[in-house]
Every structure is written in C-alpha cells, then in structure tokens.
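Engineer: Once you've had a glance at the structure underneath, I'll fire off some questions.
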Amino acid sequence: VMSRGRIVQHGRIPVAVKEGTVNKGELSISLQEVTNLAPFAQVVVYTLMPSGEAVADSQDFPIQLCLNNKVVLKFSSIQNLPAEKTTLSLQAHPGSMCSVRAIDQSVLLLKRQQELSINYVYKQLPLQKMSGYTYEVEDGEPYPCLVVLSAPRRASRSIYYEPEQNNDVYSIFKGIGIKIVTNSDVKKPIDCNRRYGEIQEDALDSPVPMAFNMMPDEPGVGRRDKVEHKKETVRTFFPETWIWDLVTVGESGSVNVEKTVPDTITKWAAGAFCVSSVGLGVAPNIGLTAFQPFFVSLTLPYSVIRGEVFTLKATVFNYLSKCIMVNVTLAESDQYTLRNCDGCQYTVCLCGDESRTFSWIVTPTALGEVKLKVSAEALKTDTLCGNEVATVPDMGAIDTVVRTLLVEAEGTPQMVSHNALLCPAEGPVEKKISLLLPEMFVAGSARASVSVLGDLMGRAMKNLDKLLAMPYGCGEQNMVLFAPNIFILNYLQSTGQLTQEIRDRATRFLESGYQRELTYKHDDGSYSAFGKSDESGNTWLTSFVMKSFGGARPYIFVDPKHIIEARRWLATHQQPDGCIRSVGKLFHNGMKGGVSDDVSLTAYITAAMLELNASTTDPIMQRCLSCLKGAVAGQMDNLYTTALLAYTFSLAGDQDMRSKLITYLHQKSSTEAGSRHWVRAGASEKGLDSLEVEMTSYVLLALLSGPSMPDFGLDYSSSIVRWLAQKQNPYGGFSSTQDTVVALQALSMYGAATYSQEGSTAVKVTSLGGLSKEFTVNQSNRLLLQEEKLDEIPGEYTVQAQGQSCVLAQISMHYNIPPPPDFSAFNISSIVVDKCNASRPQLILFVLVRYQGRREETNMVIINIKLLSGYILDKKSLEPLKSDRSVKRVDVEEGYINIYLDGLKKDDTMLLIVTLEEDIPVRNLKPAVVKVYDYYQTSDEAVTDYTSPCAEGDGINQL
65 VMSRGRIVQH
75 GRIPVAVKEG
85 TVNKGELSIS
95 LQEVTNLAPF
105 AQVVVYTLMP
115 SGEAVADSQD
125 FPIQLCLNNK
135 VVLKFSSIQN
145 LPAEKTTLSL
155 QAHPGSMCSV
165 RAIDQSVLLL
175 KRQQELSINY
185 VYKQLPLQKM
195 SGYTYEVEDG
205 EPYPCLVVLS
215 APRRASRSIY
225 YEPEQNNDVY
235 SIFKGIGIKI
245 VTNSDVKKPI
255 DCNRRYGEIQ
265 EDALDSPVPM
275 AFNMMPDEPG
285 VGRRDKVEHK
295 KETVRTFFPE
305 TWIWDLVTVG
315 ESGSVNVEKT
325 VPDTITKWAA
335 GAFCVSSVGL
345 GVAPNIGLTA
355 FQPFFVSLTL
365 PYSVIRGEVF
375 TLKATVFNYL
385 SKCIMVNVTL
395 AESDQYTLRN
405 CDGCQYTVCL
415 CGDESRTFSW
425 IVTPTALGEV
435 KLKVSAEALK
445 TDTLCGNEVA
455 TVPDMGAIDT
465 VVRTLLVEAE
475 GTPQMVSHNA
485 LLCPAEGPVE
495 KKISLLLPEM
505 FVAGSARASV
515 SVLGDLMGRA
525 MKNLDKLLAM
535 PYGCGEQNMV
545 LFAPNIFILN
555 YLQSTGQLTQ
565 EIRDRATRFL
575 ESGYQRELTY
585 KHDDGSYSAF
595 GKSDESGNTW
605 LTSFVMKSFG
615 GARPYIFVDP
625 KHIIEARRWL
635 ATHQQPDGCI
645 RSVGKLFHNG
655 MKGGVSDDVS
665 LTAYITAAML
675 ELNASTTDPI
685 MQRCLSCLKG
695 AVAGQMDNLY
705 TTALLAYTFS
715 LAGDQDMRSK
725 LITYLHQKSS
735 TEAGSRHWVR
745 AGASEKGLDS
755 LEVEMTSYVL
765 LALLSGPSMP
775 DFGLDYSSSI
785 VRWLAQKQNP
795 YGGFSSTQDT
805 VVALQALSMY
815 GAATYSQEGS
825 TAVKVTSLGG
835 LSKEFTVNQS
845 NRLLLQEEKL
855 DEIPGEYTVQ
865 AQGQSCVLAQ
875 ISMHYNIPPP
885 PDFSAFNISS
895 IVVDKCNASR
905 PQLILFVLVR
915 YQGRREETNM
925 VIINIKLLSG
935 YILDKKSLEP
945 LKSDRSVKRV
955 DVEEGYINIY
965 LDGLKKDDTM
975 LLIVTLEEDI
985 PVRNLKPAVV
995 KVYDYYQTSD
1005 EAVTDYTSPC
1015 AEGDGINQL
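All you need for our numbering is the position in the sequence shown, starting with 1, plus 64.
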C-alpha cells in the first residue's frame, strides 16, 4: 500500500482457491490509519504462479481529506436582517489559535484561487501519488516476442503506432512507480514480426480510422475543471471584509463570538483555520445571508469636486410575493442642493420581484464628507397596487441607507504645519505663529486647527497607519508602517506608559508589516523595493529590514532565519578593504553623496548590525569599522555621511572617533531661535528637505547612544529636538520614509531620556481676532491628542504655556492651489483623446514627464493621477504600462492611480498612457490633477491637470 510516494503498509496474505474454479480466490485488505493516507491509497497485489508467471493488479482509492485538528464553524442562523446580532460558534482542538474571516461572497468569486480550504492544503503536498519511472531507472530491455506461424506482408505505406503494453505486470508496477527486480515473466509478449512502430494501410482508398489506447488522466492533471462564469454585480456601499480576527479556543474546545451583521444586503462567506499541538485544521466554508424583504441601493461617484453636479440614483428591490406601496425620500441637508425636485420624494407601487429606480440631481455645497441619506418605507394604505391591497412586511418595513460622498476642492492639496515644543519649567513661554495663505489658492479650501500633546511621540502614536500622506507600494515604504511601531513600543515600555490597548494596536501593525515585507524577499535572503520583479536584492534595504525585524522580536514572532539569511547575504558583498559593495537599485540617493558610494552604505549597515548587538570583535564588524576609519578624513565635507559615521562609532563605543566627528558637526550646525540643525549643500529652498531631517536625526542619535560629552548634554540635544519637532507633519511623520523612521527613532530615545511623571501644564491659544482656546496637559492625558478648529485664516496666533512639563503644540493648515505654471525639477503635461460617442464614453490620457533638475538622476519617482469625478480606470489599459521595464509598480486606489518609476535621468522623457471610462455621469466636470514627484526629495515636483472633452457643453438636463 502506497501513499504520497511512500510504502506505508505491506505483507503476505494466503488465498484459498475456491473449489470448482481454476486459480480463483478472494482476499480482504484492512488499511491502517486511513486518514493519514489521504488523498490517495495506491494498492497493488501480486502473486507468483507455480509456472513462474507473475499475476498482479492495482487500484487507486481516493481517501476523504481530513486534518488532525477538526474545525467546525457555524452561525446561529443562516439569514439575518442587516444590523442584527448573530453568534459565530467555533469548535477546534483545545488550545487552538484560530484565524476567522467573513468576506463578501462577490470578492471570493473574483479571487477564488486565494481561498484556503482542505483541498488547497493537500494540493501543497510535494507528491500526492506515484506514477511511472524516471529516466535513471527506466530499463531498455525489449519485450519478448510472440510466436506466430507467419509474418504479415509489410505494406508499401505505413504509419507509427504504440504497441499496447499497459495491461501486463510490468506496466502495473510502473504505473504506481514501484521498480521490480525479478526473473519472472512480467512483460506481455508482442508480435515481433510487425515492424515496430508501424501500422499498414494496405492500399485503402481512404485513411484508416484509429483509436489510441491511453492511460487515464490523473485527477486534476492535464485537464481543467469546468469554470462557471457568473455575471458580476458590482456594488459599492458594503465593506468587502466583515470579520478578520484571531480567536483563541479554550480547554472546552469551543468558543462563541458575538457579531453584528453589517448594513448590507449580501451573502457573507465565512471560514477559519486553526493551529494547535495536533496540527493544522481548516473549517468548511459557511455562509450568512444579510437580507430583508425590500431594500434600497444607491449609485453615486466615490468623490466629486466642488461645483460638479451628479445624479444620485436609488434602486428599490421588492422580494416579497405581494405588492407594497413604497415611499422613497432623500433627506434634506445644508451640505447639498437638489434641482428639479418636487418634494424630493416618490410614492409608487412595487409588486413582487420588481425593482424601480429613482433619481435626484445633486449639487454638493460643502467640502469634505457629505452624508446622503435615502429611506424607502413600505406604507400601510388601502390604495390598490394592481389588483390587490398593498401589504406591509412584518420585518424590515423601512430601509435607510446613509452613504458618504467625498467633496474635494479644485486644485492640488497643500499641507502646512507650525510646531512648537514649549517647556515652561523655568517660567511661562510663548510662541507666535502666523497662518499665511499664498497669493494663489482655491477660495474656500483653507481649513486650520490647533492641537496639543504632552508627549513627543503622541502624534505619531495616534497616526501609526498614516504617518505620511504618501503611498506605501514598495518594500521600503512598507517599513514606515513597521519600524516606528518598534520605537514607540520601546519608548512606552521604558517609561511605563505602555497599555494593553496600545500594545495590541502596534503589534497588529507589526504583524501585518512583517508578513507584507516577506513578499519582497529574494530566495538568497535579500530584499528589494519590488521583490522578485527586481533583478537582485538591495544591500541598503536588506540591512534596513534586518535591523527592523531584529527590533520587533520582543513584540512579535520573527523567524530568526530571515535575520540570519539577510546578514549572511550582506557579508558576501564585503570587499577586501572591509567596505560593503552596493548591490541593487539604490533609491535613496542620500547614500550616494560621499567620495565613495560604499562608505555611507557601509556605515548604515554597520550601525544596523550594532543595533542588533553584533560584537565589535566579530571579523565582519572589524573589517567594516576598519573601512570606515580609513574613509573618515575624506568624508568630512559630506555632512550626511559624517552624521551617519558619528552614530555608527557611537554604537561601536569608539569615543575618540565619536568626539572628533561630533565636534566637527557642531562647528557646521545652523542655529535659529533656540533650535539647531544641519543644512545640506544643494538642498532645495522649497519645502522640507528630507535629508536634512535625516542627518540632523543621526546627530541626535549619536549624542544619545553613548556617554554624555562635555558641552553636548541633554540641553544641547533639546535644541535639536526643538528643530525636529517643528518639522513634523500633522500626522507625526515627516516628508518621506527614511527621515520619518530615523527621526522617530531619535525622538523616542530623547523622550525616554527626558521622561518625567511630574507636573502639568496649561496651554492657551489666542488670536488678534479675539479667539481663545485653553488646554490642560497632565500625566493622565499626556498621550491624548486635544484638538480645536481655528476659523481665522489667515490669522496671527499666540500659543502660551505655563506649568512644569513640556508640551508639543501644533497649528496645521490645509488648502488647495491651482497647478503652478512652472517647476524647476520636473516638466509634466497631459493630452486627452476622447471617445465621447461610445456607449460608455472613454478617454485616453497621455502623460508626458521629463526630469530637468540639477541632479544627474532622480530617486524613485511617483506619478499620481487623480481620476475625473464619475470615471473609473479601464484596467486592461495598464497591461502595456506594467510591461514597461522602467515602471516598477502600478497601484489603483479609490479615485487615484499611483505609478512607480525606478527613476529618471536628466532630460529623460517618459510617456504614460491610461484609459478611463465614464461610470456615473457628472456635469460641470472640473479638471483632475496629475502630479509627479521624487519620493525622497519631495520638494522636486510638478503638477498639471486634465479634463474630459466629452463634458464640454453638457447641461443639467442631460443627467
């Protein structure tokens, strides 16, 4: 008996030959541990006759697929009204950890291959059953000849055939992959007088019909299962995922989870898999249908621009067997106006299995999120519907749907933040802040707020999932969702502020970021920005991932092999002088500023290994430090590399080199109003330079990673923190990935070094216009973000603090500007070719981008295309784009397309083409913005816009 390529059972069984028969008997075989034989048990029986002839037969027996951990999932009912309570019951082996999910059935129809099931688990087996021989053990011994009286005449014409050899003992054993060594007769003789491989036609007038005897196909091999093509109904108002939880099963072997059914009409497909000491278990999928007798579905665009007009459509479905009288209304609101609306409600008869669509022409008047509330009510009335009296259902007589429409201002969003670190321990302090708008901005788009925190890390802590107002589509950007969690957890734990709620939230981000980052791993243990689609791993990113995975180990499970393999791969690129050679595309051009590209990279990798507690006596580390010491003299003019070297030698405990580098950096620092930072030569004067944030943070890390130095104590560090705090964006991050990660690491170390549980502080915000806002910060709310709206824009504000503890105050302002006429770094333009007369209007958008800045090559470039209101992307148009080698990734989000480029060389031009099609008609259509920018030097950017020629001359009555 064979299973999964192994002999699992064998033996001899005597067979009693029945009386009155010739060599005929019966036998029974009991299979042992049947569940372990899945998916097939291959059974072969054979005997040797006294004559020396061998007799055999074989059969494949499918075994029911079963796992040791039996998992059962069940809802308390299979159908519920939306918003009703339901109970999800889970049974598994005691002590199991289970992952439970419930997803909209329509999503699974699109991605069925990604669904986990017992069948899927067994398909991962390297071998399910044996068949045939490999060429190494195939023998060439010819078949014996069949004795015949005379040989047939050979025809003048012949074609090839395969002799039938599949019903002898040799073929039976070969069919299940067992090699036999015997002197018995196991091969069936063949007619040797016929020329092998030929079959005669014997001069027939027409071709001979032929049937070829073939081995039956293995199940699932060499053929495709029939795929059902189901028409997809696209709906946009329900969540795709309802349940996505980890559930622990106690010693009883069962657990009940209370859930509320979402406010959607759909079928939810639920499943679970569990792991325990007995192994893996997968529950069969179950379903819950959220349903009510009649319901309303809304059709509207995801977002519109202020001034645009669209048609809101509400379709009411009646699945009762009887007619109902339905009253459909759109609630009034000061956030929008309605046109051609007589009472804004409809009352109609709707009989069984019927649906009707109602519409309103809507013009949003407010910016931001606008709520649209539509209700459908079955009325109690004596009026006849058709030939019967209208009925009212016992349950679900009123269905109300609330949808959110995003209304945006015209132009390009801008964000400005003014931060102040106020420490009033020695007396009241204040900071004056001016909110100024540019000469050209979109009227009505400006909004502002003031917020106060009692902790440097509080703002980042609140916005762990959106530290940057940027996309996260590559392996390095994913780490900005990962690494800051480590610094925050370390800081809170060292200061005694870590709560279970914060820990759970941060570890969820760590776990998801860890799994996501592994998708960017290469087989050799390295990592790159776009994973295996890149030719090789990247030394810098590999070291970044390595140190981050190591830092996360106290909080989540990280397989040590990922860290070991990364370190081993980095070591293979160490050169004879000890420096580590740069491999792969280096998106971060700050690493390229030195005399040698390898010096700053080696400093970064050495620091990463030292953060993981590597010993300075390790041969690899000794060679790295030797490389860096030899390069110091030639790197002093490059402040970025000097700051990074200062941090590396601080970690290495080399106080002489540390003192030398920090003293030099002090001489090169820039000070202003009690703050200190370092200026990069050639930095753009427009916006925040991310490399300046990064190198200033490295200096702070160098100061805090070793013993205190004379004249460079915490007072000196506080001046650096004051500058860094001023540069934080409203979300707690900075301008790009690396400056955010390094700055938060430095700020968390400073926060831990200066943390105090004493005192409280009162903060007062006033304006020349008479506004007054007051906040109190103490130990109980220091992590709480307190925020108030500011109405005076532009305006002059004063922030005053009085008390014993430091506070971080921020006034942030958001507004839109029209596309500027000129940019120095990039040039971008767009052309639209229309297909307005098609049944569904289409636009072909051509975007032309050219780099014309001062550098020879950019860092990674992102092109962000906002979709016109009411338009969607034709995803087929992305195929040529994705095949372009310079396009590394294309992400489609709600209302946007993000295109990632490796980079652009000076004066290089790139043409991008996408196709858009109208999904929902919108009139008074406003232009949509296309933006290009350098991800690591965000001040290098350019903006243009485009619109639809199909919208020209459109009137409201065309909606």
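Here a beta-carbon is modelled for each residue, glycine too, at the ideal position from N, C-alpha and C.
#1: Specify the secondary structure class of Ser-235 as computed by DSSP and reduced to three states.
#2: In chain order, what residues of the same chain lie with their CB nearer than 6 Å to the CB of Trp-332, ignoring the 5 residues before and after it?
#3: Taking only three categories from DSSP, how would you classify Ala-219?
#4: Decide yes or no for the touch test of the region 764 to 784 against the region 823 to 832: beta carbon pairs closer than 8 Å, at least 3 of them.
#5: Assess, as a yes-or-no matter, whether the region 1007 to 1015 is touched by the region 985 to 998 under the definition of 3 or more beta carbon pairs within less than 8 Å.
#6: Might you give, ordered along the chain, the residues of its own chain that have their beta carbon closer than 6 Å to the beta carbon of Leu-931, omitting 5 neighbours on each side?
#7: With a threshold of 16 other CB atoms inside 10 Å of the CB of Glu-540, please say whether the residue is buried or exposed.
#8: Going by the beta-carbon positions, is the gap between Phe-594 and Arg-953 smaller than 7 Å?
#9: At what residue ranges does the region 861 to 923 contain a whole run of the alpha helix (DSSP H), taking only runs of 4 or more?
#10: Glu-1057 to Val-863, Cα distance in whole Å?
#11: Quick one: any contact between the region 65 to 72 and the region 101 to 115, if contact means 3 or more CB pairs under 8 Å?
#12: I believe Tyr-879 touches Leu-501 by the beta-carbon criterion, under 8 Å. Please report the beta-carbon distance rounded to the nearest angstrom.
#13: How many whole angstroms separate the CB atoms of Leu-362 and Ile-388, which I take to be in contact at a CB cut-off of 8 Å?
#14: State the CB to CB distance for the pair Ile-644 and Thr-603, rounded to an integer number of angstroms; the pair is presumed to be in contact (CB under 8 Å).
#15: If you drop the 5 nearest sequence neighbours on each side, which residues of the same chain put their C-beta closer than 6 Å to that of Ser-590?
#16: Are the CB atoms of Leu-556 and Gly-796 within a distance shorter than 7 Å?
#17: Where does Val-81 fall in DSSP's three states?
#18: Near Lys-323, what residues of its chain come up, given a Cβ to Cβ distance below 6 Å and the 5 sequence neighbours on each side ignored?
#19: Count the other CB atoms within 10 Å of the CB of Lys-940; is the residue buried (16 or more) or exposed (fewer)?
#20: According to the neighbour-count rule (16 or more other Cβ atoms, all chains shown, within 10 Å of its Cβ), is Ser-316 buried or exposed?
#21: For the alpha helix (DSSP H) containing His-626, name the first residue and the last one.
#22: Provide the residue span of the alpha helix (DSSP H) that contains Val-313, from first to last.
#23: DSSP has Thr-1002 in a bridge; who is on the other side?
#24: What are the start and end residues of each continuous beta strand (DSSP E) run of 3 or more residues lying completely inside the region 438 to 513, in chain order?
#25: Of all the options Ala-120, Leu-470, Ser-769, which has the alpha carbon lying nearest to the alpha carbon of Gly-934?
#26: With DSSP collapsed to three states, give me the class of Trp-742.
#27: Using 10 angstroms around the beta-carbon of Tyr-584, count the other beta-carbons present and answer buried if the total reaches 16, otherwise exposed.
#28: Which residue comes first and which comes last in the alpha helix (DSSP H) that contains Ser-831?
#29: Around the Cβ of Ser-318, are there at least 16 other Cβ atoms within 10 angstroms (buried) or fewer (exposed)?
#30: Since Thr-818 is in the beta strand (DSSP E), which residue starts that stretch and which ends it?
#31: Can you give me the start and stop residues for the beta strand (DSSP E) that Asn-702 sits inside?
#32: Within 10 angstroms of its Cβ, does Gly-834 collect 16 or more other Cβ (buried), or is it exposed?
#33: Within 10 Å of its beta-carbon, does Glu-982 have 16 or more other beta-carbons around it, so buried, or fewer, so exposed?
#34: If I measure Cβ to Cβ from Lys-656 and keep anything under 6 Å in the same chain, skipping five residues before and after, which residues do I get?
#35: Around the Cβ of Glu-117, are there at least 16 other Cβ atoms within 10 angstroms (buried) or fewer (exposed)?
#36: Give the DSSP-derived three-state secondary structure of Phe-573 in the structure shown.
Structural biologist: Inspection of the coordinates gives the following:
#1: For the purposes of this step, residue 235 is taken as residue 171 along the sequence shown, with counting starting at 1. Here Ser-235 sits in helix by DSSP.
#2: Looking up residue 332 in the sequence shown gives position 268. Counting only Cβ-Cβ distances below 6 Å, and skipping sequence neighbours, we find Ala-166, Trp-306, Leu-352.
#3: In the sequence shown, the residue the question calls residue 219 occupies position 155. Confidence is the limiting factor: at Ala-219 the pLDDT is only 44, short of 50, which leaves the residue's position unreliable, though a coordinate-based value still follows. Three-state DSSP puts Ala-219 in coil, outside helix and strand.
#4: no
#5: yes
#6: Counted from its first residue, the sequence shown places residue 931 at position 867. Taken in chain order, the residues that qualify are Gly-959.
#7: Position 476 of the sequence shown holds residue 540. By the 10 Å Cβ count, Glu-540 comes out buried.
#8: Taking the sequence shown and counting its residues from 1, one reaches residue 594 at position 530. Taking the sequence shown and counting its residues from 1, one reaches residue 953 at position 889. Taking 7 Å as the Cβ cut-off, Phe-594 and Arg-953 qualify as a contacting pair.
#9: Segments of the alpha helix (DSSP H) lying fully in the region 861 to 923: there are none.
#10: Residue 1057 lies beyond the residue range present for the chain, which begins at 65 and ends at 1023; the question has no answer from this structure.
#11: yes
#12: Position 815 of the sequence shown, counted from the first residue, corresponds to residue 879. Position 437 of the sequence shown, counted from the first residue, corresponds to residue 501. At roughly 6 Å, the Cβ-Cβ gap stays under 8 Å, so Tyr-879 and Leu-501 are in contact.
#13: Counting from 1 along the sequence shown, the entry for residue 362 is found at position 298. Counting from 1 along the sequence shown, the entry for residue 388 is found at position 324. The pair is not a contact, with the Cβ atoms about 19 Å apart (cut-off 8 Å).
#14: Locating residue 644 in the sequence shown gives position 580, counting from the first residue. Locating residue 603 in the sequence shown gives position 539, counting from the first residue. Their Cβ separation, rounded to whole angstroms, is 6 Å, which keeps Ile-644 and Thr-603 in contact under 8 Å.
#15: Residue 590 sits at position 526 when you count from the first residue of the sequence shown. Cβ neighbours of Ser-590 beyond the five flanking positions: Gly-601, Thr-606, Trp-633.
#16: By one-based count along the sequence shown, residue 796 stands at place 732. By one-based count along the sequence shown, residue 556 stands at place 492. Not a contact, by the Cβ cut-off of 7 Å.
#17: Here residue 81 is taken as the residue at index 17 of the sequence shown, counted from 1. The DSSP-derived three-state label of Val-81 is coil.
#18: Indexing the sequence shown from 1 puts residue 323 at position 259. Contacts found: Thr-150, Leu-152.
#19: Start at 1 with the first residue of the sequence shown, and residue 940 comes out as number 876. Answer is exposed; the Cβ neighbour count stays below 16.
#20: Against the sequence shown, residue 316 aligns to sequence position 252. Here Ser-316 is exposed: its Cβ has fewer than 16 other Cβ atoms, across all protein chains shown, within 10 Å.
#21: Position 562 of the sequence shown, counting from 1, holds the residue named residue 626. The continuous alpha helix (DSSP H) containing His-626 extends over residues 624 to 635.
#22: In the sequence shown, the residue the question calls residue 313 occupies position 249. Run containing Val-313: none; DSSP gives neither H nor E here.
#23: For the purposes of this step, residue 1002 is taken as the residue at position 938 of the sequence shown. None; Thr-1002 has no bridge partner.
#24: 462 to 472, 476 to 486, 493 to 499
#25: Residue numbering aside, residue 934 sits at position 870 when the sequence shown is read from its first letter. Answer by Cα proximity: Leu-470.
#26: By one-based count along the sequence shown, residue 742 stands at place 678. Coil, per DSSP.
#27: As a first step, residue 584 is located in the sequence shown; it is residue number 520 there, counting from the start. Tyr-584 is buried by the Cβ-count criterion.
#28: Here residue 831 refers to the residue found at position 767 of the sequence shown. No alpha helix (DSSP H) contains Ser-831, which is instead part of the beta strand (DSSP E) from 825 to 831.
#29: Counting from 1 along the sequence shown, the entry for residue 318 is found at position 254. Per the 10 Å Cβ criterion, exposed.
#30: As a working mapping, residue 818 is identified with position 754 in the sequence shown. Segment 801 to 818 is the alpha helix (DSSP H) holding Thr-818; no beta strand (DSSP E) there.
#31: Within the sequence shown, numbered from 1, the residue matching residue 702 stands at position 638. Per DSSP, Asn-702 belongs to no beta strand (DSSP E) and is neither H nor E.
#32: Walking along the sequence shown from the start, residue 834 turns up at place 770. Classification of Gly-834: exposed, given that the 10 Å Cβ count is below 16.
#33: Residue 982 sits at position 918 when you count from the first residue of the sequence shown. Counting Cβ neighbours within 10 Å, Glu-982 comes out buried, since at least 16 surround it.
#34: Here the question's residue 656 lines up with position 592 in the sequence shown. With a pLDDT of 46 at Lys-656, under the threshold of 50, the modelled position of this residue cannot be trusted, and the question is left open.
#35: Within the sequence shown, numbered from 1, the residue matching residue 117 stands at position 53. So Glu-117 counts as exposed.
#36: Along the sequence shown, one-based indexing puts residue 573 at 509. Residue state, collapsed to three classes: helix.
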